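Asker: For the protein sequence lines, the chains are C and W, in the order given. The first sequence begins at -4 in my numbering and counts up by one. The second sequence begins at 229 in my numbering and counts up by one. Built from N, CA and C at the ideal position, the CB exists for glycine as well. Source: prediction; values computed, not measured.
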Amino acid sequence: MSKMHVKLTVNGKEVEGLAEPRTLLIHFLREDLKITGPHIGCETSHCGACTVDIDGKSVKSCTTFVAQVNGADITTVEGLANDDGSLGVLQEMFREHHGLQCGFCTPGMITRAHRLLQENPNPTEEEIRFGMAGNLCRCTGYQNIVKAISASADILNAQEPSGSEAVGQTKVEAAE
Amino acid sequence: MIPAGFEYHRPGDIASAIGILQEHGDEARVIAGGHSLIPMMKLRMAEMGHLVDLQAIEELKGIDIGTDTVSLGAMVTQHELITHDGLAKAIPLIREAALQIADPQVRYMGTVGGNVANGDPGNDMPGLMQCLNAVFELSGPDGSRSVAARDFYEAAYFTAREDEEILTRIAIPVPGSGVGQAYEKQKRKIGDYATAAAAVMVGNGTASVAMTNLADTPVWSESASSALAEGNVEGSVAAMLGDIDPVADNRGPVEFKKHVAAVMLRRAIDRAQSRAG
């Protein structure tokens, strides 16, 4: 099968490359673009470790062909850090509240939580658990993940809109 | 898990998509959200030379709320069904069911058209659409036609859709005010298909009852519906249990599935009745 020309915006940067249409997005991100934040966990669209944000949607990149998202705007966990490389609010709160142990699920957790808070800035605990149902963690028992997301919501809501630049949300919001 | 190779097509209108299907016959298949098809392709249980992506076709999008009818484009995602306030007002049953499908990530991608057209007995929307008496609109080389959801399903993965046809829209009659609706689903875990699920509408002397994943097609039961319309709940449950045909699998033996089916149906009836009037 002939390769196709693929053009994406990933974490605010335009990237391009050649890929067979059957190439899964997770493989293109990790192997071609060397963006290794999104992980390959179950490879069967259950675990959510491969979750990335595509045009404002949380998507499992192991169940998406790169051909389907040609031209799309993609954010991975790398894109949720602050511009100076320090941890963004969600990343910092996962650290602060011990929302991870081995860390394998964390990139998917944080990327999904980012979209959840964009859509619902004041989620209840039940809404967080329902909204995070597509991400599995085998270490934490989820309790501290819920706490980390809830704490992130409090911080983000307390910030002035202009203050969002300081926490690495600007790029993503501007893309929407 | 890498699928077999294919040529990728992204047509911009229905006619072009049908043209590609005609040109390549059995070798071509359409893809909507891909969250049923891609896992099967990764397992190499589905292989095709040509994949026809429907995402760029505007005619397949949009939710139109009319006075008597709601029209859903085939490419409307479960997420869009859930977040559309007008739809939640017109037919609340759809949001209630869509919230119980898969998980958030899958609902951003999974479409209502893919869910109904795939013919998977585990999918929730086919039974729901039978309960609502929806009509599927199909476009093919010879033009368009309509098939009632209650006539669409022939066996697991076999439907009234021809290979060169595309399911384009779904037309759903808006239930009258006073009609209570409910969807009840038992599943082993989040994201699972139903062990048993029931869609119920009741009120104004009418009723409609359908169930999911208890036969090789969704089961809309005329006798269960008419019993419920007369207010005979146990008669309705008994009629439905006579019409389903579950098989033993990793969700349990036949007796267990019948038991769960009756529990789900009673709960759905109870809740629909509480919302009627």
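Measuring only between beta-carbons, confirm whether residue 6 of chain C sits less than 8 Å from chain W.
Answerer: Cβ-Cβ to chain W under 8 Å: no for residue 6 of chain C.
Asker: At what residues does the alpha helix (DSSP H) containing residue 122 of chain C begin and finish?
Answerer: Element bounds for residue 122 of chain C: 120 to 126.
Asker: Using a Cβ-Cβ cutoff of 9 Å, what residues of the segment 491 to 503 of chain W are near chain C? List them in chain order.
Answerer: Listed by position along the chain: nothing, the set is empty.
Asker: Can you list, in chain order, the residues of its chain whose CB lies under 8 Å from that of residue 6 of chain C, leaving out five sequence neighbours each side?
Answerer: Cβ within range, chain order: 30, 69, 70, 71, 73, 74, 166.
Asker: In whole angstroms, what is the alpha-carbon distance linking residue 329 of chain W and residue 352 of chain W?
Answerer: Roughly 7 Å separates the two Cα atoms.
Asker: What three-state label does DSSP hand residue 15 of chain C in the structure shown?
Answerer: Of the three classes helix, strand and coil, the one that applies to residue 15 of chain C here is coil, per DSSP.
Asker: Just by C-beta distance, which residues in the segment 407 to 430 of chain W are closer than 8 Å to chain C?
Answerer: Cβ contacts with chain C: 418, 419.
Asker: Please go through the segment 384 to 469 of chain W and give each complete beta strand (DSSP E) segment of 3 or more residues, from N-terminal end onward.
Answerer: The segment 384 to 469 of chain W contains these whole beta strand (DSSP E) runs: 394 to 401, 408 to 414, 424 to 431, 434 to 440.
Asker: Excluding the five sequence neighbours on either side, which residues of its own chain have a C-beta within less than 6 Å of the C-beta of residue 279 of chain W, listed in chain order?
Answerer: 234, 236, 259, listed in sequence order.
Asker: To the nearest angstrom, report how far apart residue 315 of chain W and residue 291 of chain W are at their CA atoms.
Answerer: The alpha-carbon atoms of residue 315 of chain W and residue 291 of chain W are separated by roughly 8 Å.
Asker: Give the interface partners of residue 239 of chain W over in chain C, defined as CB-CB distance under 7 Å, in chain order.
Answerer: Simply none; closest approach about 13 Å.
Asker: Find the residues of chain W that neighbour residue 118 of chain C, judging by a C-beta separation of less than 9 Å, and give them in chain order.
Answerer: Ordered by position in chain W, no residue passes the 9 Å Cβ test against residue 118 of chain C, which lies about 12 Å from the chain.
Asker: With DSSP as the reference, please indicate the residues paired to residue 368 of chain W in a beta bridge.
Answerer: Partner(s): W/371.
Asker: Pull the bridge partners of residue 480 of chain W from the DSSP assignment, please.
Answerer: Residue 480 of chain W pairs with W/477.
Asker: Of all the residues that make up the segment 369 to 389 of chain W, which are near chain C by a beta-carbon distance shorter than 9 Å?
Answerer: If the cut-off is 9 Å between Cβ atoms, the segment 369 to 389 of chain W has nothing near chain C.
Asker: Could you work out which residue in C/86, C/43, C/117 is closest to residue 133 of chain C when comparing CA atoms only?
Answerer: Ranking C/86, C/43, C/117 by Cα distance to residue 133 of chain C puts C/43 first.
Asker: What does residue -1 of chain C reach in chain W if we use C-beta pairs closer than 8 Å?
Answerer: Those are 236, listed as they occur along chain W.
Asker: On a Cα-Cα basis, can you pick out the residue from C/-3, C/147, C/140, C/0 that is closest to residue 103 of chain C?
Answerer: For residue 103 of chain C, the nearest C-alpha among the options comes from C/140.
Asker: On the DSSP letters alone, give me the boundaries of the alpha helix (DSSP H) that residue 142 of chain C sits inside.
Answerer: 138 to 153 is the span of the alpha helix (DSSP H), which, as asked, contains residue 142 of chain C.
Asker: Can you tell which of W/246, W/232, W/254, W/251 has its C-alpha closest to the C-alpha of residue 15 of chain C?
Answerer: Per the Cα distances, W/232.
Asker: Buried or exposed for residue 337 of chain W, going by 16 or more other Cβ atoms inside 10 Å?
Answerer: The residue is buried, with at least 16 neighbouring Cβ atoms inside 10 Å.
Asker: My output table needs one value for residue 301 of chain W: the three-state DSSP class, helix, strand or coil.
Answerer: Correct three-state label for residue 301 of chain W: strand.
Asker: Counting only Cβ pairs nearer than 7 Å, list the residues of chain W close to residue 14 of chain C.
Answerer: What residue 14 of chain C touches in chain W: nothing, since even the nearest Cβ is about 10 Å away.
Asker: Give the residues of chain C in contact with residue 358 of chain W, contact being defined as C-beta atoms less than 9 Å apart.
Answerer: Here the premise fails: no neighbours, minimum Cβ distance about 27 Å.
Asker: Could you give the C-beta distance for residue 381 of chain W and residue 446 of chain W, rounded to a whole number, given that I count them as a contact under 8 Å?
Answerer: So it is a contact: roughly 6 Å between Cβ atoms.
Asker: Give the single residue among W/304, W/320, W/341, W/487 whose Cα lies nearest to the Cα of residue 500 of chain W.
Answerer: The shortest C-alpha separation from residue 500 of chain W is found at W/320.
Asker: In this structure, how does DSSP classify residue 278 of chain W when only helix, strand and coil are distinguished?
Answerer: If DSSP states are grouped into helix, strand and coil, residue 278 of chain W belongs with the strands.
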